[in-house]
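Residue numbers (our numbering): 175 to 376. Before any comments, here is the structure.
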Amino acid sequence: MTAPILPVTGGEPPAEAVAALRAGQVVGVPTDTVYGLAVDPWRPGATARLFAVKQRPHDVALPVLVAGVDQARRLLHTLPERAEALMAAFWPGALTIVVPAPPDLGADLGGDGRTVGVRCPDHALIRALAAATGPLAVTSANRHGGAPFPSASALAEGLDGVALVLDGGACAGEPSTVVAVEGREVRLLRPGALWPRVQDLE
Numbered sequence: 175m176t177a178p179i180l181p182v183t184g185g186e187p188p189a190e191a192v193a194a195l196r197a198g199q200v201v202g203v204p205t206d207t208v209y210g211l212a213v214d215p216w217r218p219g220a221t222a223r224l225f226a227v228k229q230r231p232h233d234v235a236l237p238v239l240v241a242g243v244d245q246a247r248r249l250l251h252t253l254p255e256r257a258e259a260l261m262a263a264f265w266p267g268a269l270t271i272v273v274p275a276p277p278d279l280g281a282d283l284g285g286d287g288r289t290v291g292v293r294c295p296d297h298a299l300i301r302a303l304a305a306a307t308g309p310l311a312v313t314s315a316n317r318h319g320g321a322p323f324p325s326a327s328a329l330a331e332g333l334d335g336v337a338l339v340l341d342g343g344a345c346a347g348e349p350s351t352v353v354a355v356e357g358r359e360v361r362l363l364r365p366g367a368l369w370p371r372v373q374d375l376e
């Protein structure tokens with residue numbers, strides 16, 4: 175069944191999208207990199223739906239998108255100094271930072287639960303959604319291992335189990351750079367769009 179598509183203008187999230195996320199449903203969203211699949215990971219069953227829609231193994235953890243550094247601090251309680259420096263330099267932007275997960279995180283993001291990847295996207299709509307609902311588990315809109323869908327219509331037609339899709343035009347950017355911060359050390363996990371600049375900051 176094809177998911178309904180809602181056009182979006184400006185940075186205000188549609189009420190239908192906020193309601194769907196609060197109901198634990200999967201929403202297709204435009205980002206500053208590629209189209210994504212978003213859920214509120216603190217809603218019962220939401221991440222299980224996302225893993226099922228994407229056909230993603232549960233041992234491959236979901237990253238979290240936040241509205242800003244302050245929301246990341248509230249989520250994680252403490253941040254390594256190196257992570258704070260990277261956030262100051264590259265957020266909002268295409269940098270996912272993997273840090274130790276707090277013991278009271280309270281969301282099943284998959285993986286072993288010891289770390290969590292966080293990113294503040296350079297996309298006003300997603301930041302507004304995260305501000306309205308809390309941090310969002312968001313992964314690229316594709317079947318696991320496949321290419322991301324480049325448009326809202328392709329996403330709506332290509333995946334079953336998506337409640338609705340927000341149409342933000344074409345999204346065909348390079349995926350985010352992913353790094354793990356361990357103490358003062360920064361380890362590359364995926365080169366992505368920003369790696370040369372992140373490397374230069376070292």
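Note that beta-carbon positions come from the ideal geometry of N, C-alpha and C, so glycine has one too.
Can you have a look at residue i and say buried or exposed, based on whether 16 or more other CB atoms are within 10 angstroms of its CB?
{"i": "R371", "result": "exposed"}
{"i": "R256", "result": "buried"}
{"i": "P231", "result": "exposed"}
{"i": "P204", "result": "buried"}
{"i": "P322", "result": "buried"}
{"i": "G284", "result": "buried"}
{"i": "Q199", "result": "buried"}
{"i": "R358", "result": "exposed"}
Under the three-state reduction of DSSP, which class applies to residue i: helix, strand or coil?
{"i": "V238", "result": "strand"}
{"i": "P370", "result": "helix"}
{"i": "E359", "result": "strand"}
{"i": "R223", "result": "helix"}
{"i": "R288", "result": "coil"}
{"i": "V201", "result": "strand"}
{"i": "R317", "result": "coil"}
{"i": "R248", "result": "helix"}
{"i": "A346", "result": "strand"}
Could you give the residue range of the beta strand (DSSP E) that holds residue i?
{"i": "D341", "result": "338–341"}
{"i": "L211", "result": "210–213"}
{"i": "V353", "result": "351–356"}
The alpha helix (DSSP H) that contains residue i, what's its start and end?
{"i": "S381", "result": "Here the chain covers residues 175 to 376 and nothing more, so residue 381 does not appear."}
{"i": "V180", "result": "The sequence given here has Leu at residue 180, not Val. Looking at the DSSP string, L180 is not in any alpha helix (DSSP H); the run it does join, the beta strand (DSSP E), is 179–181."}
{"i": "R256", "result": "255–264"}
{"i": "T270", "result": "Segment 269–274 is the beta strand (DSSP E) holding T270; no alpha helix (DSSP H) there."}
{"i": "A305", "result": "298–307"}
Can you check whether the CB of residue j is closer than 8 Å to the CB of residue i?
{"i": "L303", "j": "A191", "result": "yes"}
{"i": "A326", "j": "G202", "result": "yes"}
{"i": "P178", "j": "L279", "result": "no"}
{"i": "E348", "j": "T207", "result": "yes"}
{"i": "A354", "j": "R361", "result": "yes"}
{"i": "P181", "j": "D341", "result": "yes"}
{"i": "G335", "j": "R223", "result": "yes"}
{"i": "V352", "j": "T252", "result": "no"}
{"i": "D282", "j": "T221", "result": "yes"}
{"i": "A268", "j": "L368", "result": "yes"}
Taking 8 Å as the cut-off, does the segment 234–246 touch the segment 294–313 (at least 3 CB pairs, one atom from each stretch)? Of all C-beta pairs linking the segment 294–313 to the segment 234–246, three or more are shorter than 8 Å, placing the two stretches in contact.
Specify whether the segment 285–303 and the segment 264–275 touch according to this definition: at least 3 beta carbon pairs, one from each stretch, less than 8 Å apart. Per the Cβ contact rule, the segment 285–303 is in contact with the segment 264–275 (3 or more Cβ pairs under 8 Å).
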